[in-house]
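Asks: Each protein sequence line maps, in turn, to chains A, B, C and D.
If you read the first sequence in this note's numbering, its first letter stands for residue 40, the second for the next number, and so on.
If you read the second sequence in this note's numbering, its first letter stands for residue 40, the second for the next number, and so on.
If you read the third sequence in this note's numbering, its first letter stands for residue 40, the second for the next number, and so on.
If you read the fourth sequence in this note's numbering, its first letter stands for residue 40, the second for the next number, and so on.
Every residue, glycine too, gets a C-beta built ideally from N, C-alpha and C.
These figures come from a predicted structure and were not determined experimentally.
4 protein chains.
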Amino acid sequence: MNTVSKEQVNAFLARDFPQAARGEVTALGDGGATIRYRIDHDALRPGGTVSGPVLFTVADLALYVAVLGEIGIVPLAVTTNMNINFLRKPSADRDVIGVCRLLKVGKRLAIGEITLYSDGNDDPVAHATGTYAIPPARGAVTHP
Amino acid sequence: MNTVSKEQVNAFLARDFPQAARGEVTALGDGGATIRYRIDHDALRPGGTVSGPVLFTVADLALYVAVLGEIGIVPLAVTTNMNINFLRKPSADRDVIGVCRLLKVGKRLAIGEITLYSDGNDDPVAHATGTYAIPPARGAVTHP
Amino acid sequence: MNTVSKEQVNAFLARDFPQAARGEVTALGDGGATIRYRIDHDALRPGGTVSGPVLFTVADLALYVAVLGEIGIVPLAVTTNMNINFLRKPSADRDVIGVCRLLKVGKRLAIGEITLYSDGNDDPVAHATGTYAIPPARGAVTHP
Amino acid sequence: MNTVSKEQVNAFLARDFPQAARGEVTALGDGGATIRYRIDHDALRPGGTVSGPVLFTVADLALYVAVLGEIGIVPLAVTTNMNINFLRKPSADRDVIGVCRLLKVGKRLAIGEITLYSDGNDDPVAHATGTYAIPPARGAVTHP
Numbered sequence: 040m041n042t043v044s045k046e047q048v049n050a051f052l053a054r055d056f057p058q059a060a061r062g063e064v065t066a067l068g069d070g071g072a073t074i075r076y077r078i079d080h081d082a083l084r085p086g087g088t089v090s091g092p093v094l095f096t097v098a099d100l101a102l103y104v105a106v107l108g109e110i111g112i113v114p115l116a117v118t119t120n121m122n123i124n125f126l127r128k129p130s131a132d133r134d135v136i137g138v139c140r141l142l143k144v145g146k147r148l149a150i151g152e153i154t155l156y157s158d159g160n161d162d163p164v165a166h167a168t169g170t171y172a173i174p175p176a177r178g179a180v181t182h183p
Numbered sequence: 040m041n042t043v044s045k046e047q048v049n050a051f052l053a054r055d056f057p058q059a060a061r062g063e064v065t066a067l068g069d070g071g072a073t074i075r076y077r078i079d080h081d082a083l084r085p086g087g088t089v090s091g092p093v094l095f096t097v098a099d100l101a102l103y104v105a106v107l108g109e110i111g112i113v114p115l116a117v118t119t120n121m122n123i124n125f126l127r128k129p130s131a132d133r134d135v136i137g138v139c140r141l142l143k144v145g146k147r148l149a150i151g152e153i154t155l156y157s158d159g160n161d162d163p164v165a166h167a168t169g170t171y172a173i174p175p176a177r178g179a180v181t182h183p
Numbered sequence: 040m041n042t043v044s045k046e047q048v049n050a051f052l053a054r055d056f057p058q059a060a061r062g063e064v065t066a067l068g069d070g071g072a073t074i075r076y077r078i079d080h081d082a083l084r085p086g087g088t089v090s091g092p093v094l095f096t097v098a099d100l101a102l103y104v105a106v107l108g109e110i111g112i113v114p115l116a117v118t119t120n121m122n123i124n125f126l127r128k129p130s131a132d133r134d135v136i137g138v139c140r141l142l143k144v145g146k147r148l149a150i151g152e153i154t155l156y157s158d159g160n161d162d163p164v165a166h167a168t169g170t171y172a173i174p175p176a177r178g179a180v181t182h183p
Numbered sequence: 040m041n042t043v044s045k046e047q048v049n050a051f052l053a054r055d056f057p058q059a060a061r062g063e064v065t066a067l068g069d070g071g072a073t074i075r076y077r078i079d080h081d082a083l084r085p086g087g088t089v090s091g092p093v094l095f096t097v098a099d100l101a102l103y104v105a106v107l108g109e110i111g112i113v114p115l116a117v118t119t120n121m122n123i124n125f126l127r128k129p130s131a132d133r134d135v136i137g138v139c140r141l142l143k144v145g146k147r148l149a150i151g152e153i154t155l156y157s158d159g160n161d162d163p164v165a166h167a168t169g170t171y172a173i174p175p176a177r178g179a180v181t182h183p
């Protein structure tokens with residue numbers, strides 16, 4: 040039933056989410072999504088690592104994209120909860136990869152877990168679990 | 040380096056954790072663990088489902104067992120954080136299966152995620168992420 | 040608008056929640072609730088402390104009671120998320136006191152934070168944040 | 040024993056945390072901290088509100104500052120866990136105020152809860168609970 044492609048989501052993000060400019064959807068469907076988030080100097084904190092807020096951003100974006108893949112382009116969906124564990128120091132010179140697996144997509148809430156990696160390394164740098172509130176008029180495509 | 044078998048963990052739980060009497064380790068190793076938790080009438084709440092505290096117990100036990108599999112039998116390890124999302128109504132007449140994947144086992148903290156199922160159903164009933172504090176004298180086997 | 044008294048909630052719990060038999064509402068209103076949870080030998084784990092699942096139970100009950108105080112007796116409200124941090128070893132021979140402060144009571148979700156104490160000690164033993172899903176027919180009193 | 044003033048923390052942040060340039064410590068001590076985080080156009084997302092990652096940043100910073108107030112200026116302290124609930128839409132044109140209360144400052148972990156407000160409004164826009172890992176050589180001032 041998923042009729043939203045990663046190209047459509049990338050186009051939507053490029054148009055409506057300037058904050059997501061560093062993110063690109065690389066896989067979408069089967070109850071999940073994978074994104075690549077470009078790391079440049081602005082994302083680094085002292086000591087040469089990727090900051091916590093940037094990792095939060097990637098987790099949030101991966102979950103949002105995965106939800107869009109299930110319910111369609113819904114600009115108004117909002118995160119209600121995010122729990123994130125920081126596991127290892129990310130590489131300063133590698134993109135961050137976010138892999139989201141949806142655990143439930145209900146009428147009102149969608150819940151997913153996201154594992155974050157530094158590109159090329161199998162040991163996760165962070166793991167998050169998040170909840171999205173789905174607007175009552177589910178699936179509607181609105182243009183703000 | 041994992042020299043702890045599921046039989047050893049089951050024997051340890053039977054001896055030292057009367058609260059875990061309903062739990063049985065069915066798989067251990069490769070950075071994870073699977074447990075089966077027997078559901079009987081005491082675990083049910085009005086409406087005929089498994090209570091939240093029982094699901095919490097299963098998540099906590101699955102994580103504890105997975106950590107034991109990595110660091111050895113350490114009775115004093117303690118949970119410091121558990122975040123649990125309740126996803127679907129569990130079956131009242133099915134055992135709960137807890138599948139833990141360790142995300143990191145460091146010198147001081149171990150973090151894992153746990154997916155909980157009603158036996159025989161692939162849709163998870165709950166998902167948790169937890170942290171254990173590892174005692175300074177890591178790996179020591181102590182008998183309280 | 041809160042027309043539910045702690046006596047009414049205690050009566051409801053006594054009738055419909057045998058698992059809550061050890062809990063007693065001692066304060067209700069002003070966007071919060073306080074409960075006392077009786078600790079006896081069944082609640083203890085090796086080493087003589089209160090188990091994590093019991094602390095989870097107290098947090099969950101305190102939040103549930105606080106929500107009931109705001110929306111009325113709604114047996115079907117369900118916890119969707121609980122995040123709990125275990126801070127200090129609880130006293131084995133003291134009741135657990137749970138103090139819930141509601142952060143938001145919306146149409147669909149109620150969120151609260153709960154601080155847990157061993158009776159008579161000001162240092163919290165645990166802290167939790169939880170979310171309840173409120174049934175669509177908000178405020179209705181139903182008897183399962 | 041708290042010998043760190045808010046002025047010292049502000050000076051430290053200004054020197055070593057360019058990302059914290061929008062934050063200012065307005066109160067410090069007694070097991071907590073309050074910060075003010077300036078909101079300008081970069082922090083806004085479509086619909087005219089403060090983004091989730093910005094609220095995360097404020098929570099993280101408030102907790103970090105509160106921990107510094109207890110253990111001294113320790114640049115290497117790292118967040119290990121953050122759980123955040125988004126409660127209400129923040130005002131687009133108000134600063135965000137973060138109020139952190141420390142729940143525990145142990146030898147290895149510090150845990151605190153943070154309530155976030157839009158300046159001038161008593162209803163919280165978000166609430167978070169976070170954990171910091173404290174470096175083994177506690178209290179040492181190091182300059183990376």
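#1: Near residue 63 of chain B, which residues of its chain fall below 7 Å by C-beta distance, leaving aside the five closest residues on each side in sequence?
#2: Would you list, in sequence order, the uninterrupted alpha helix (DSSP H) runs of no fewer than 4 residues that lie entirely inside the region 69-124 of chain A?
#3: Around the Cβ of residue 160 of chain A, are there at least 16 other Cβ atoms within 10 angstroms (buried) or fewer (exposed)?
#4: Nearest by alpha-carbon distance to residue 79 of chain B: which of B/108, B/130 and B/57 is it?
#5: For a quick check, are the C-beta atoms of residue 163 of chain C and residue 102 of chain D less than 8 Å apart?
#6: Near residue 174 of chain D, what residues of its chain come up, given a Cβ to Cβ distance below 7 Å and the 5 sequence neighbours on each side ignored?
#7: From the DSSP output, in three-state form, read off residue 140 of chain D for me.
#8: Counting only Cβ pairs nearer than 7 Å, list the residues of chain F close to residue 152 of chain D.
#9: Counting only Cβ pairs nearer than 8 Å, list the residues of chain D close to residue 127 of chain C.
#10: Is any beta-carbon of chain C found at less than 8 Å from that of residue 107 of chain A?
#11: Can you grab the Cα-Cα spacing for the pair residue 153 of chain A / residue 44 of chain C, in whole Å?
#12: By how many angstroms is the C-alpha of residue 105 of chain B removed from the C-alpha of residue 119 of chain C?
#13: Can you tell which of A/134, A/155, A/69 and A/126 has the C-alpha that lies nearest to the C-alpha of residue 107 of chain A?
#14: The alpha helix (DSSP H) that contains residue 52 of chain C, what's its start and end?
#15: Can you look up residue 149 of chain D in the DSSP assignment and give me helix, strand or coil?
#16: Less than 8 Å between the C-beta atoms of residue 72 of chain A and residue 155 of chain A, yes or no?
#17: Please confirm if residue 160 of chain D has its CB atom under 8 Å from at least one CB of chain C.
#18: Residue 123 of chain C CB to nearest chain B CB: under 8 Å?
#19: Could you tell me the alpha carbon to alpha carbon distance between residue 132 of chain A and residue 53 of chain B, rounded to whole angstroms?
#20: Let me make sure I understand the geometry here. Which of D/165, D/65 and D/148 has the alpha-carbon closest to that of residue 110 of chain D?
#21: Indicate whether at least one CB of chain A lies closer than 8 Å to the CB of residue 135 of chain D.
#22: Report the neighbours of residue 147 of chain B on chain D: residues whose CB is nearer than 8 Å to its CB, in chain order.
#23: Between C/77, C/92, C/122 and C/57, which has its C-alpha nearest residue 170 of chain D's C-alpha?
#24: Please look up how many angstroms separate the CB atoms of residue 92 of chain D and residue 57 of chain A, rounded, as I've assumed it's under 8 Å.
#25: Which residues in the same chain have their Cβ closer than 8 Å to the Cβ of residue 66 of chain C, if we skip the five residues on either side of it in sequence?
#26: Between residue 120 of chain C and chain A, is the shortest Cβ-Cβ distance under 8 Å, so that the two count as touching?
#27: Could you give the distance in angstroms between the alpha-carbon of residue 125 of chain A and the alpha-carbon of residue 144 of chain D?
#28: Using the beta-carbon count (16 or more within 10 Å), is residue 59 of chain B buried or exposed?
#29: State the beta-bridge partners of residue 159 of chain D as determined by DSSP.
#30: Check the DSSP bridge columns for residue 126 of chain A and list the partner residues they point to.
#31: Looking at the secondary structure, which residues open and close the beta strand (DSSP E) in which residue 165 of chain D lies?
#32: Could you tell me which chain C residues have their CB closer than 8 Å to the CB of residue 51 of chain B, listed as they occur along the chain?
#33: Could you check whether residue 100 of chain C and residue 165 of chain C sit closer than 8 Å to each other, using their CB atoms as the reference points?
#34: What residues in its chain sit with their C-beta under 6 Å from that of residue 157 of chain A, if we drop five residues either side in the sequence?
#35: State the Cα-Cα distance for the pair residue 96 of chain B and residue 168 of chain C, rounded to the nearest angstrom.
Replies: Considering the structure as presented:
#1: 49, 74 and 75
#2: 91-110
#3: exposed
#4: B/130
#5: no
#6: Non-local C-beta neighbours of residue 174 of chain D in its own chain, meaning closer than 7 Å and more than five positions away in sequence, comprise 113, 115 and 116, ordered along the chain.
#7: strand
#8: This model lacks chain F altogether; the protein chains it does include are A, B, C and D.
#9: Per Cβ cutoff of 8 Å: 143.
#10: For residue 107 of chain A, not one C-beta of chain C is nearer than 8 Å to its own C-beta.
#11: 42 Å
#12: 25 Å
#13: A/69
#14: 45-55
#15: strand
#16: No. Outside cutoff.
#17: The beta-carbon of residue 160 of chain D is placed no less than 8 Å from the nearest beta-carbon of chain C.
#18: yes
#19: 49 Å
#20: D/148
#21: no
#22: What residue 147 of chain B touches in chain D: 147 and 172.
#23: C/122
#24: Residue 92 of chain D to residue 57 of chain A, Cβ: 13 Å. No contact.
#25: 45, 72 and 73
#26: yes
#27: 19 Å
#28: buried
#29: None, per the DSSP bridge assignment.
#30: By DSSP's assignment, residue 126 of chain A forms no beta bridge with any residue.
#31: 165-172
#32: Under the 8 Å cutoff, chain C gives no residues; its nearest Cβ is about 11 Å from residue 51 of chain B.
#33: Annotated as distal: residue 165 of chain C and residue 100 of chain C, with beta-carbon spacing of 8 Å or more.
#34: Cβ within range, chain order: 129, 130, 133 and 164.
#35: 18 Å
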